[in-house]
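What follows is a single structure, written as C-alpha cells, with notes after it.
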Amino acid sequence: MSEQRTRPTTNVDDPILRAENLRKRFGGIVAVDGASFEVERGSITGLIGPNGAGKSTTFNLITGVYRPDGGSVVFDGGDVTGHSPERIANQGLVRTFQIARELPEMTVLENMMLGPQNQLGESIWRSVTPVVRNEVIQEEKQLRERAWETLELFEIDHLAEEYASSLSGGQRKLLELARALLTDPDMLLLDEPMAGVNPSLEKKLLERIHDLQDEGYSFLLVEHDMDVIMNHCERVIVMHQGELLAEGLPAEIQGDEAVIEAYLGGDV
Amino acid sequence: MGVVTLKERFSDTTAQEVFGGILVLGIVVLLLDLLRLVATGELSPGRLGSLLWYGIVDSLYIGLAAIGLSMTYSILRFANFSHGDLVTTGAFGGWTVAYLIGGIGAADFGSRLLLDADGGARAGDLGMDILASPVAIVLGLFAAAAITILVALAIDRLVYKKLRDAGGITLLIASVGVALALRYIIAIFYTQDSRGIVASSPRVGPVNLHEATLVVSAVTLIVGVHLLLQYTKLGKSMRAMSDNKDLALVTGIPTERVIFLTWVIGSGLAGVAGYLIVLDRSQITINLGWFLLLLIFAAVILGGIGSIYGALAGSLVIGITINLSLVWIPADLNEVAAFVIMILVLIFKPDGLFGGVETA
Amino acid sequence: MSERTIDTDRWKGDLLLLAKIVAATYVGFASLGLVTGVPINEVAGFLVTVTFFAASFALVTLALNLHWGYTGLFNIGVAGFMAIGVYTMAVLTASPDASPAGLGLPIPVGVVAGVLVAALVGAVIALPALRVRSDYFAIITLGFSEIVRLSITSGTLREIEVGDRVYGTGGGSGIGYTPVDSVIPWLFDRPGIGLLGDLLYGIGGLVGITTSIINRLLYALVIIAFVVAVYALLQRLAYSPFGRVLKAIREDEVAARSLGKNTKYAKIKVFALGCGLMGLAGILWMGSRSLVTPESFMPVVTFYIFVALIVGGSGSNTGSIVGGFVFAAFLWEGPRFLRTIARANLDTRSPPTIYDAALELAAFDVMPLVGYFIGSLDEFRWILIGVALVLLMVYRPEGLLGDRKEIAAATDLSQRQGGESDE
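Residue numbers (the numbering used here), protein chains in the order written: chain B, 1304 to 1571; chain G, 313 to 672; chain W, -16 to 406.
Given below as C-alpha cells:
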C-alpha cells in the first residue's frame, strides 16, 4: 500500500485543492493508484515524477477530463469529483495541456477572446436580437482590451492576428497560459508550461507566474526541469507508478532517498 | 444543479452498462416471445427455420462485403462510402463476362455485352442458370473479383493515393464523390433500368442451387481470408497496421504494399458479393450496392471496426435481424430495425458489440 | 463608429462579389441561349429556374454550414430533416377531404410547425448522438435519414384511420397539398397588389414571357427573402461570442470545455437550429409542387448540399450562398440548358444503347454517340457532381473562394481604444 509512504500533510494550512485516494484504471493498467495530496492556497506547488508516474492522468482526473474510478477531488471547499471539465473551469480551476491545445484555425485574438467566462454574447438570443446586441458589442470591446493587454504581458501581441496554427511550440504554450488567465481562475494547473519555451522567455514566464502568485493565484505545475521546480516551487509532490511517493519542501525532496531511487532506478 | 449532476452520473461506462442490460433484456424478451409464437403455433417451425436460413444467406454476402469495408476502415482510416459501388461494379462486371461466355450464339453480342439493356438477351433464352451454364457462371465469379480489383486499384491511384495524409472526413467526402461517379459511369453503359438477368434457380430436392452456390463460394472465401490473415507474414503486417499505423511504419512494414493488398482483398470480396447477390436474387440495378452500404456499415460497426471476425459476426446479427424481425414488423420496415440497432450501438457501445477486442 | 464601417465594408464586398458572379453567369447563359436560337421565353424560364434552385440550395447550404462549417458536426442526414419539415407541413395543411387526409390548417401554420418539428427532432437526435466521433456521427445521421425515408415509404404509416378519415404519409405515392408558391397568385388577388401583378404580367407579355414564369420568378424572390433573413441571422451568430464557441468546438472541443464552455448545450442548440432551417429549406424547395413523395429525400440529396458547401468554402456564410448558386447554375441546371441548346441545333437522335451508338461510330457517324450522351445527361450530371467532389477534396478542400479569415467576434478585434496598434 502506498499509504505508509505518504507523509502526513500537516504543513498545508489552507488547502485550495485536495485530492484524496484518486484511482484510475485503463484496461489492465492502473495509471493512478490511490494518490492523495493537498495544494496550499496562494502557493506554487510542483508535481514531479518519472515518465509514466501518472502526473498527466492526475491532472485529467482533477479537471474532469477523465472520471476517477475512486477517490475524491475537493476544490475551494466544494466537492468537484467527476464534474464536467466546463463546470470545474467555471469554478475557477483552469488547466493547460502538456501538448498545447490551441485552436489552430482561429487567430490568436480569437483564442484569447474565448477565455472570459459567462460572456453575454454566448447566448444565441443576445447575439442576434437587434438592440440587445449592442450590450454584447460593448462587452466585446472591454474583453478585447483585456485580451490585448494580456497578449502584451506575454509578449505575443505581435502575433495577435495570426492563426494559432502558425505559432511555434513555445508560443502556443504562452498563448494557452494567457488564454487560461482570461478565464479569471483562482488556481491554474499547468502541464509542463516551460516545454519548448526559449530560456529568456522562460525567465519572463516564471516572473509572470510569481507576479500572479502575488496577486493571489495558486499554481500546481508539472515540470521536468528540476531547476524550475527547486527554485520556484514552495512545495513539491512526487509521484511514482501512479502512487504518491513523497511530498514536502524542495530541499526535503532533493534529499529523499526514495525519490532519488525512483528517478535513477526507474524507466526515465 | 440537480439535473446537471444527474446527467453527469449517466456518462460513459454507466450508460454503456445500462444499454448492454437493456439490449440483453430485449433479446431475451424477443426470444421468449419467439418460443411463445412457436409453441402456440402462430409461427410454424418451418417458417422460423426458413427465416433463420435466409438470415444466414444474407449475412454471408453482407459479410463478404463487410470484410473489405472493415479492412479499409482500419488500414486506410476512413469510412469508404464508395464500397457499395464496388459491390455494384462486381455485379455488372462479373455478369457481363458470364453473359459473353455463356450466351454465345443465343443472342447478339451487343445485348449480351450490356446485360440485356435493350431486351435482346433474356436470361431464360440464354440459359443463365448454374446447371445450364456452369462454366460461364463460375468464370463470371472470378471476373467479378478481377474487374472490381482493377477498378478499386485504379481509383486508389487516381484519388485516395493523393489523399494518404488527409483526415478521415476529407477521405469520406472524396469517397462519396467516387461513389457517385462510379455508379453513374456504370449507368451510362448499362442504363438505370432494374432487370432480372439470372434464370430461375434449378433445384435438387429442397436445395436451391443458386443459394447453395452462394453459400459454398462465400464460406470458401471467408475461410481463405482467415488462413491468409492468420498464417502469412502479410496477414500479420495487415493486422499490425490496423492496430497502429504509425508504429507499423516505424517497424518497417511496407505500407504501400499493405494498402495495395487491402484493396485487392477488400474489393475482390466486395465484387464477389455483388455477383453472388445477383445470382441469388436475379435483379440487377445500379443502386444495388448503395442500398446495401448502410447494412454493410451496420455489420462492421456492430462487430467493431477493424476486426474481420467481428465484421462477420456483425453480418450474422444484421442478416438474422432483417429476416427474423419479419416475425414482428412488416417487411418494409426490417431495414429500419437494423439501422436502429446500428445507431444504438454507435451511441452506446461504439467499440462494437464484442467490446472492441481486435481479433484480426 | 469606425468598427461599424469595417463590418459594413465586409458585407458590401461580399455582396458585390456575389452580384458579380450572378450577373456574369446570367449574362453568359442568356447570350449563349439567344445566340444559339433558344426562344426568349425558354431562356427566361431557365434563368428563373436557376434562381429558384440557387436560392433553395443556398438556404440548405447555410444550415449545413452552421452544422459542419462552423461547429464541425458532420451531418449527412440533411435529406431526413428536410423530409420531416416538408411532411409535417403537408400533413398539417392538406385538405381534410383529400386522401390521405390532412388537418387543413393555413400554410403559414404548416411552415412554422414544419420548422419547429424538424428542430425538435434534431434536438432529440443530438442529445445522445453528439458524444460520438465525427465519422460515427456521419453514419448515425445517414442512418437516421434513411430511417425517416423508409418509414414514410412504409405501408405501416401509409394509412392511419382516425375516426372516419384516413390520415398517413401516403407511402410511396406521397401526400398532396396546396403548394406554398400559391401565395403569389393569392397575393395578386388582393386589391392594390393586384395592380402590381397586372403591371408585371403586362411587361412580361410585351417581351414574350409567360405569366407562369413571372409567378415562378416571384416565388424565387420570396425564397431569396428567406435567404437574406437567414443569412443576416447566421452572420450575427457567426460574429458573436456564441460563434466563437462553435468554432472552438470544431477546432478542439476538449480545449473549449477546459475553458469553461458548455459545449454540450451549444451543440444541441446549434444542431436543432440548423435542423429547423433544413426543414424550412425543404418546405420552400418543395414549395412549387403540390405533392411530396419519399423519392425527393434520397440520401444523395444531402450530397448536393455538401458539394455546394465545399464549392463555396465551408465555414463561410457568404461562401455558402456562392456555393449554392454555383452548384445550381453550373452543376444542376447548366447541363440541362446545354441539352436544350444541343437539341435546338443538332440532330440528337439517341440510339437505344451505347453499343448501337458505338456501331454507328464505327461507320464514321459520330452523331448517334453524341445523341446518346445528350440523352444520358442525368447520368453525366451525377458523374460531374462526383468528380467535382473528388477534385475539390484533392486540390481545393478550402473551396473556390479559398480561405477567408472570418473572425468570430461582435466587434473588430484589431481595433483598440488604447491606441497602440493604431500607430
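All residues carry an ideal CB built from backbone N, CA and C; glycine is no exception.
By Cβ distance, which residues of its chain are closer than 7 Å to B/Arg1482, with the 5 residues on each side in sequence left out?
Excluding residues within five positions, the ones whose Cβ falls inside 7 Å are Asn1414, Met1415, Leu1417 and Gly1418.
Under 9 Å by beta carbon: chain B residues contacting W/Leu75:
Result: empty, since nearest Cβ-Cβ is about 26 Å, beyond 9 Å.
With 8 Å as the threshold, decide whether the Cβ of B/Leu1417 is near any Cβ in chain W.
yes
Alpha-carbon spacing of W/Leu170 relative to W/Ile176, whole angstroms:
7 Å
Just checking, does the stretch 270 to 284 of chain W make contact with the stretch 10 to 28 of chain W on the three C-beta pairs under 8 Å criterion?
no
Pick from G/Ser594, G/Leu355 and G/Tyr385: whose alpha carbon is nearest that of G/Arg551?
G/Tyr385
So, is the C-beta of G/Met654 closer than 8 Å to a C-beta in chain D?
This model lacks chain D altogether, as its protein chains are B, G and W.
Could you check what DSSP says for B/Arg1370 in three-state terms: helix, strand or coil?
coil
B/Gly1424 CB to nearest chain W CB: under 8 Å?
yes
Report the rounded CA-to-CA distance for B/Asp1487 versus B/Glu1518, giving the unit in angstroms.
Going by the C-alpha atoms only, they are around 12 Å apart.
W/Ile135, enclosing alpha helix (DSSP H) - first and last residue
Ser117 to Thr136
Which residues in chain B have a C-beta closer than 7 Å to the C-beta of W/Asp172? List them in chain order.
Here the premise fails: no neighbours, minimum Cβ distance about 34 Å.
Going by DSSP, name the residue or residues bridged to G/Asn520.
G/Arg515
Just verifying my parser: in three-state terms, what is the DSSP assignment at G/His538?
helix
Residue burial classification, B/Asn1354 (beta-carbon count within 10 angstroms, cutoff 16)
exposed
Could you please give me the residues that DSSP links to G/Ile596 through a beta bridge?
G/Arg507
With DSSP as the reference, identify every bridge partner of W/Gly159, one or two as the case may be.
W/Leu274
Would you tell me roughly how many angstroms separate the C-alpha atoms of W/Glu362 and W/Leu49, rounded to the nearest one?
31 Å
Would you list the one or two residues that DSSP bridges to B/Tyr1466?
DSSP lists B/Thr1410 as partners of B/Tyr1466.
At the 8 Å Cβ level, is W/Glu381 part of the contact set with chain G, yes or no?
no
List, from N- to C-terminal side, the alpha helix (DSSP H) runs of 4 residues or more that fit wholly inside the stretch 316 to 399 of chain G.
The stretch 316 to 399 of chain G contains these whole alpha helix (DSSP H) runs: 324 to 352 and 357 to 387.
Under 8 Å, Cβ to Cβ, is there at least one residue of chain W near B/Ser1430?
Taking Cβ atoms only, chain W reaches closer than 8 Å to B/Ser1430, which makes this a yes.
Amino acids of chain B, ordered along the chain, whose beta-carbon sits closer than 8 Å to that of W/Phe238:
It should be pointed out that residue 238 of chain W corresponds to Ala in this sequence rather than to Phe. By Cβ distance, chain B contributes Phe1400, Arg1404, Glu1405 and Leu1406.
Tell me the DSSP secondary structure of B/Met1490 in three-state form.
strand
Sequence-distant residues of its chain with Cβ nearer than 6 Å to G/Trp602 (five each side left out)
Gly396
Other residues of its chain near W/Val26: CB distance less than 7 Å, five sequence neighbours each side excluded:
Here the set comprises Ala13, Gly16 and Leu17.
From W/Val104 to W/Ile67, what does the alpha carbon distance come to, in whole angstroms?
Rounded to the nearest angstrom, the gap between the Cα atoms of W/Val104 and W/Ile67 is 8 Å.
As a quick exercise: from B/Ile1512, B/Trp1451, B/Leu1350 and B/Tyr1520, pick the residue whose alpha carbon is nearest that of B/Gln1344.
According to the sequence as given, residue 1344 of chain B is Arg; it is not Gln. Out of B/Ile1512, B/Trp1451, B/Leu1350 and B/Tyr1520, B/Tyr1520 has the C-alpha closest to the C-alpha of B/Arg1344.
Please report how far the alpha carbon of W/Ala106 lies from the alpha carbon of B/Ile1427, in whole angstroms.
16 Å
Using 8 Å as the threshold, is the C-beta distance between W/Ala291 and W/Val33 below it?
8 Å or more divides the Cβ of W/Ala291 from the Cβ of W/Val33.
Assuming B/Ala1618 and B/Arg1511 make a contact with CB atoms under 8 Å, what is their CB distance in whole Å?
Here chain B covers residues 1304 to 1571 and nothing more, so residue 1618 of chain B does not appear.
Counting only Cβ pairs nearer than 7 Å, list the residues of chain G close to W/Pro111.
Those within 7 Å of W/Pro111 in chain G are Ile659.
Would you say W/Ile(-11) reaches chain B, if we count a Cβ-Cβ gap shorter than 8 Å as a contact?
Bear in mind that the predicted position of W/Ile(-11) carries a pLDDT of just 42, short of 50, making it too unreliable to give a figure here.
Residues bridged to B/Thr1348 (per DSSP):
B/Leu1523 and B/Arg1538
So with CB distances below 9 Å, who are the chain G contacts of W/Ile130?
Under the 9 Å cutoff, chain G gives Glu647, Val648, Phe651, Val652 and Ile655.
Measure the alpha-carbon distance for W/Ile366 versus G/Leu494 and round it to whole angstroms.
If I take the Cα positions, the gap works out to 7 Å.
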